[in-house]
Each structure stands twice: as C-alpha cells, then as structure tokens.
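Residues 1 to 356 (UniProt numbering) make up the sequence shown, in order.
Every residue gets a Cβ at the ideal spot worked out from N, C-alpha and C, and that includes glycine.
Okay, structure first, notes after.
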Amino acid sequence: MPRCPDLIKPTPDRLFTTPAHGERRNAETRLAELSGYLTPTDRFYVRNHDATPHIERDDWRLEITGDGVERSITLDYAALSELPRVSRIRAIECAGNARRFFAERFGHEAGGAQWHTGAIGVAEWSGVRLRDVLDLAGVTGHAVDVLPEGLDAGRFARPLPIAKAMADDTLVALAMNGEPLPPDHGFPARLVVSGWLGAASVKWLGRIEVACSPRHTHWNTADYTLAGPRWPVEPPADGVPVTVMPVMSVVELDWPARLAAGRQVIRGRAFSGEARVARVEYTIDDSPWRDADLGEPNIAAAWVCWSFAWTATPGEHMIRVRATDEHGQCQPDAVPWNDHGVLFNAVVAHPVIVAP
Numbered sequence: 001m002p003r004c005p006d007l008i009k010p011t012p013d014r015l016f017t018t019p020a021h022g023e024r025r026n027a028e029t030r031l032a033e034l035s036g037y038l039t040p041t042d043r044f045y046v047r048n049h050d051a052t053p054h055i056e057r058d059d060w061r062l063e064i065t066g067d068g069v070e071r072s073i074t075l076d077y078a079a080l081s082e083l084p085r086v087s088r089i090r091a092i093e094c095a096g097n098a099r100r101f102f103a104e105r106f107g108h109e110a111g112g113a114q115w116h117t118g119a120i121g122v123a124e125w126s127g128v129r130l131r132d133v134l135d136l137a138g139v140t141g142h143a144v145d146v147l148p149e150g151l152d153a154g155r156f157a158r159p160l161p162i163a164k165a166m167a168d169d170t171l172v173a174l175a176m177n178g179e180p181l182p183p184d185h186g187f188p189a190r191l192v193v194s195g196w197l198g199a200a201s202v203k204w205l206g207r208i209e210v211a212c213s214p215r216h217t218h219w220n221t222a223d224y225t226l227a228g229p230r231w232p233v234e235p236p237a238d239g240v241p242v243t244v245m246p247v248m249s250v251v252e253l254d255w256p257a258r259l260a261a262g263r264q265v266i267r268g269r270a271f272s273g274e275a276r277v278a279r280v281e282y283t284i285d286d287s288p289w290r291d292a293d294l295g296e297p298n299i300a301a302a303w304v305c306w307s308f309a310w311t312a313t314p315g316e317h318m319i320r321v322r323a324t325d326e327h328g329q330c331q332p333d334a335v336p337w338n339d340h341g342v343l344f345n346a347v348v349a350h351p352v353i354v355a356p
C-alpha cells in the first residue's frame, strides 16, 4: 500500500520522506538513495494538489480552444501520438523545495508543505512538442497566453506566455524514463516546461486555452508568487509570479548524515532553471571554499552531479555547498522572506555526524 493515501505508487520510508503539512499527496525523494544521472521513476518525488485521478487512456481527450486559435479541436491519445516524437532530459522542481529553511532562518514557517531539499527530480521525458499540438488548432498572431488545465479534482491550471509555450523544449509528455507516464506523474499526458517551477508542468492535461489576453488563476496570483513586504505587487497577483527556478545545490546525504571516520566521497547535484551549472564549491566547518569535481553530463535545465573527497574525523561537522551557473548567478548566503515560501536557494549547513 502507498504510504501517502492519495497517491498510487508506493512511497516507502527507505526511498521517501513526507513533508509536514503535505502527508496525503506529497512524497519527497531521499537524496541519499539516488544513483546515476536520471531519477528512477519509483524514486521521483510527487507534489500533487489533489488526489491522483484514475483516467482510462481510451476515454481521455485533450481539448484545444480559445480566441487565440483559428478553430477548437479535440484530440484523443492516438491522434496525439501521431505527432513527431521528441525526448528531452529535464528537471522538474517544486517552487517550494527547501521551504522548511524559512522557519529556521526567520523563526516561523512559510505556508505550504515543509519540503527539505528532495522536491526535485530529473527524468527523460518523451512525447510531442506543445507547439505541434497547438499548431493543429492554428495559433493566431494575437495569442498572448496559453492556459493548460488538469483533470484532477481541482482542475489545476497555471498560464504560460505564448513564447514559452511554443519553445522547442516545452513538451506534452507521454512517457517518463522510457515507460508510459505513471498515474502520479500525470498519465496519460502532462506538460514539461523546461527550467520553470514544477507547477507549470501541469499533470493530467485535459484542456488547453490559447488566449489573446493575459490569463490569471489562483496559482499565479495567490500562490506560487513572491509575496510579502520585500516584494512588489503585480496586480492581480499578490506579488511576483514565479517562473524560472534559481541556481541551487543539494547534498546526497540524509539529514543529519551519519558517516564513518576516514576517507569519504561526498556527492550531490546542482541545477539552475534554464541554465547549465558552471561551478560547485564546498566548505567543511568554515574551511576555505574549494572546487568540487563536476561529472558528465551537465545538461541545461536538468542538473550536474558533483563530488569531492573528504577525510572525515570523528565529531560533528557542517558541509556547505554553493553552485554558480553559466550566467554567473551564484547561490546567496541568505534570501528575503516571502509569504508562500518559494525559491529558497540560500547556502545551508548540512549536519554530518562522524563516528570513530
């Protein structure tokens, strides 16, 4: 039985943890259990706003409509599958990844599931380009926004600007790591929006509106925004809607980690929205910053694996890691508060207990 009752796939303790305030439908990857470049499907984190819906492929339909297309159309799974097939290796990261650190830094929680750093995964997504789907309906030159809507109970929907919707690597994914999408990850079809917050990659697609004016939903006006005293208001949103994810690094160890004394190889992942990571540095117990080794591949809008060797001595230690991307954006030491607890990418101290 699944550990999270609103999910279908098993989420055992050895592979997942459950973020506070998100126990029924959210499962966080235990980064210490990762190996290889891609995140195995059975270890890929889950962030759902409602229970996973049960959808039969033969009954499923995708409607394309709106004043930004020449005609409304409806596609079944077979028709969608006839479009040119493409694959992209891309990360999907929840905008609230690392939200729990707001409480540590500011003394009180930001609203939402209290994720640690495991609300991210990288998979090979296969399907069709969203632009090829929209072209079947004839996108007009006046189109401004594209609003995908899911078939979950709450009909989750969050708009994209037309340029991002028509990008070469914005996909309607039908498969994940070479297999049909699992139900918890959007079967039978979902969006994959490269480099943007996970909420943009709408699951269980059922309807896409192409509009000639901006579209607004709860999820880009009252949540998934940078809101609070330090942030400007962009009406009708309560702050600045989140789009591209920031540069960040994570350590592939439990929290706190427990290691044996002696030579250890510390590993992790670094990523930066739409960009490629250029450098990862580490420090132990406030020693000088040193460069970690970067592995291959290093794919923009996915991640790079990094590592360094450490002769661990008995006692309690702190490992800090920071990443810099190809545009010179580096993880900061601190981030300002925001009410929704999104985009926390400050350098954190990872506790490690070394036994004799």
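- Cβ-Cβ distances below 6 Å link L294 to V304 and W306 in the same chain, with the five nearest sequence neighbours on each side left out; the list follows chain order.
- In terms of Cβ geometry, A119 and R47 form a close pair [threshold 8 Å].
- Counting the other CB atoms within 10 Å of its CB gives T311 a total below 16, which places it among the exposed residues.
- Exclusion of the five residues before and after N97 leaves W115, T117, A119 and I120 as the residues of its chain whose Cβ lies within less than 7 Å of its Cβ.
- Annotation for E93: I120, G198 and M245 place their beta carbon closer than 6 Å to its own, counting only its chain and skipping 5 residues before and after.
- In this structure, DSSP gives S307 an extended state, which the three-state scheme calls strand.
- DSSP, reduced to helix, strand and coil, places H317 within a strand of the structure shown.
- When G262, L38 and E33 are compared, the shortest CA-CA separation from W255 is found for E33.
- Beta bridge pairing from DSSP links W125 with R88 and M176.
- Taking 8 Å as the cut-off, the Cβ atoms of S194 and R90 count as close.
- Going by beta carbons, R267 and E281 fall outside the 8 Å limit.
- Between D333 and F101, the alpha-carbon positions lie close to 12 Å from each other.
- Assignment of W219 by DSSP, reduced to helix, strand and coil, places it in the helix class.
- The residues A278, R279 and C330, in chain order, have a CB closer than 6 Å to that of T324 in the same chain once the five nearest residues on each side in sequence are set aside.
- Ranked by how close their Cα comes to the Cα of P148, the residues G141, P297, H340 and L134 have L134 in first place.
- Classified as exposed, H218 has fewer than 16 neighbouring CB atoms from the shown chains inside 10 Å of its CB.
- Taking 8 Å as the cut-off, the beta carbon of L62 is found closer than this to the beta carbon of A189.
- Beta-carbon to beta-carbon, L15 and R43 are separated by about 5 Å, close enough to satisfy the 8 Å threshold.
- Looking at the DSSP output, R267 bridges to S307.
- CA-CA distance, W337 to L75, rounds to 44 Å.
- Looking at the backbone, the Cα of I8 and that of I284 are separated by about 40 Å.
- Taken in chain order, the unbroken stretches of beta strand (DSSP E) that lie wholly in the region 4–33 and span 3 residues or more are 26–29.
- Every unbroken stretch of the beta strand (DSSP E) spanning 3 or more residues and falling wholly within the region 40–125 is given here in chain order: 61–65, 73–76 and 86–93.
- Within the same chain, Cβ atoms closer than 6 Å to the Cβ of A300 are found at A275 and R276, the five residues on either side in sequence being excluded.
- Around F187, the same chain offers I55, P180 and L181 as residues with beta carbons nearer than 7 Å, after the five sequence neighbours per side are excluded.
- Contact between V139 and V233 does not hold, since their C-beta atoms are separated by about 31 Å, which reaches or exceeds 8 Å.
- Straight-line spacing of the CA atoms in H317 and P229 works out to 35 Å.
- When only Cα atoms are considered, T313 and L31 end up about 23 Å apart.
- Under the three-state reduction of DSSP output, V347 falls in the coil class, being neither helix nor strand.
- Around the Cβ of S249, a 10 Å sphere holds 16 or more other Cβ atoms; the residue is buried.
- With respect to the C-alpha of A165, the residue from F156, V202 and D152 having the closest C-alpha is V202.
- Nearest C-alpha to R131 among D152, A103 and L80: L80.
- Bounds of the alpha helix (DSSP H) holding D132 are L130 to D135.
- In the structure shown, P356 adopts coil according to DSSP, grouped into three states.
- Within 10 angstroms of the beta-carbon of E296 lie fewer than 16 other beta-carbons, which makes it exposed.
- DSSP places G198 within a helical segment (H, G or I) once states are collapsed to three.
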